[in-house]
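I have placed the structure first, in the form of structure tokens, so that the comments after it can refer back to it.
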Amino acid sequence: MACNGWRDRIVHRWLRIPYRLSVRYKRLRRPFTTTYVLIHGLADTGALWQPLLAQLPKQSNYIVVDLLGHGESPQPHDESIYRASEQARHVLATCVATGLSGPVVLIGHSFGALVATEFSHMYRGIVRRAVLVSPPIYRDETGNRRDWLRQDKLLRSVYRQVLKTPDLVVAGYELGDRLGALGFSRTQLSKSTFTGFENTLRAGIISQRTGQLLRRTTIPTTIIYGRLDPLLVARNFTALAQVNSCITVCPLSTGHAIRGRTLREIMTVIQSC
Numbered sequence: 071m072a073c074n075g076w077r078d079r080i081v082h083r084w085l086r087i088p089y090r091l092s093v094r095y096k097r098l099r100r101p102f103t104t105t106y107v108l109i110h111g112l113a114d115t116g117a118l119w120q121p122l123l124a125q126l127p128k129q130s131n132y133i134v135v136d137l138l139g140h141g142e143s144p145q146p147h148d149e150s151i152y153r154a155s156e157q158a159r160h161v162l163a164t165c166v167a168t169g170l171s172g173p174v175v176l177i178g179h180s181f182g183a184l185v186a187t188e189f190s191h192m193y194r195g196i197v198r199r200a201v202l203v204s205p206p207i208y209r210d211e212t213g214n215r216r217d218w219l220r221q222d223k224l225l226r227s228v229y230r231q232v233l234k235t236p237d238l239v240v241a242g243y244e245l246g247d248r249l250g251a252l253g254f255s256r257t258q259l260s261k262s263t264f265t266g267f268e269n270t271l272r273a274g275i276i277s278q279r280t281g282q283l284l285r286r287t288t289i290p291t292t293i294i295y296g297r298l299d300p301l302l303v304a305r306n307f308t309a310l311a312q313v314n315s316c317i318t319v320c321p322l323s324t325g326h327a328i329r330g331r332t333l334r335e336i337m338t339v340i341q342s343c
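Residue numbers in the sequence shown follow my numbering, run continuously in steps of one, and reach 343 at the last position.
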């Protein structure tokens with residue numbers, strides 16, 4: 071959904087009024103025990119979570135949105151609006167307008183896990199637990215030359231180079247989707263949606279503070295990741311769990327996508343809440 075440039079800047083950047091996101095799925099009824107807020111990742115939509123919804127506890131509610139710049143949600147051009155903290159504001163505002171009631175369990179995949187971390191930090195009073203699936207958590211960038219060999223630094227460099235060739239990125243996603251290699255919902259990254267992809271990658275993943283927030287979180291947080299995922303830095307998860315007892319790490323022999331094994335692990339974590 072395209073945005074009106076000048077009006078967009080006044081309302082959402084200067085006045086800081088959150089965007090209303092597209093609500094893809096919802097179940098809101100009473101009585102209930104928990105509301106699950108499910109957040110998809112980069113170049114995806116809320117359709118990612120459809121296979122999981124039928125498995126959620128019957129006495130629970132859920133809300134699934136399309137993040138800003140994705141699916142049917144607005145696609146503003148202001149890069150700063152795509153930070154994970156800003157996305158968390160839009161998610162909360164949309165969920166409250168939809169009828170959100172706590173307590174909340176957050177489930178985020180990939181970039182959605184970074185948004186979930188910001189959400190649990192900003193609105194910790196209503197969050198019971200966070201489940202972070204395949205979160206691309208990278209350490210802070212420094213000017214130290216030795217950091218060039220760090221996996222975090224190398225991945226950021228790859229992302230910056232990739233963004234210089236949008237046509238190749240779009241073609242690569244199309245091929246991966248046809249081959250079923252990505253494991254996303256049936257989202258087609260195109261030239262018309264590339265702005266949202268680029269802004270999210272720059273402001274939300276390349277630039278992030280997720281590790282800082284998780285070091286001091288008091289929300290029970292489970293990190294589920296695949297040992298075969300090339301986009302992650304597993305030692306960052308281990309380091310976080312060592313300094314914060316609220317964090318549990320669950321490694322799987324999987325990749326970045328959410329498939330059967332990962333879905334089962336998510337349900338195991340949910341059922342243990």
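From the three backbone atoms N, C-alpha and C, an ideal C-beta is built for every residue, glycine too.
- If you ignore the 5 residues before and after Q125, its C-beta comes within less than 6 angstroms of the C-beta of M337, all in its own chain and listed in chain order.
- Where G281 is concerned, the enclosing alpha helix (DSSP H) starts and stops at T280 to R285.
- Partner residues in the beta bridge of D136, as assigned by DSSP, are S92.
- Its chain contains T280, G281 and N306 as the residues whose beta carbon lies nearer than 6 angstroms to that of I207, once the 5 sequence neighbours on both sides are disregarded; these appear in chain order.
- For Y208, no beta strand (DSSP E) encloses it, and the DSSP letter there is neither H nor E.
- Assignment of R198 by DSSP, reduced to helix, strand and coil, places it in the strand class.
- If you ignore the 5 residues before and after R97, its C-beta comes within less than 7 angstroms of the C-beta of N131 and Y132, all in its own chain and listed in chain order.
- Y295: member of the beta strand (DSSP E) spanning T291 to G296, first to last residue.
- Nearest in C-alpha terms to A158, of all of V319, V135 and H147, is V135.
- Under the DSSP assignment, G182 falls in the alpha helix (DSSP H) whose first and last residues are F181 to M192.
- The C-alpha of G182 is placed about 18 angstroms away from the C-alpha of R285.
- Nearest C-alpha to E268 among F102, E149 and L310: E149.
- G178 is bridged by DSSP to I109 and L202.
- By the 16-neighbour rule on beta-carbons within 10 angstroms, R153 is buried.
- Here T168 has V93, K96, L98 and I133 as same chain residues with Cβ atoms under 8 angstroms from its own Cβ, once five neighbours each way along the sequence are excluded.
- In the same chain as L108, and ignoring 5 residues on each side of it, the C-beta atoms closer than 6 angstroms to its own belong to W119, V134 and I177, in chain order.
- When the Cα atoms are used, V303 and H160 turn out to be separated by approximately 28 angstroms.
- The Cβ atoms of C320 and R199 lie no closer than 9 angstroms to each other.
- A241 counts as exposed, since fewer than 16 other beta carbons sit within 10 angstroms of its beta carbon.
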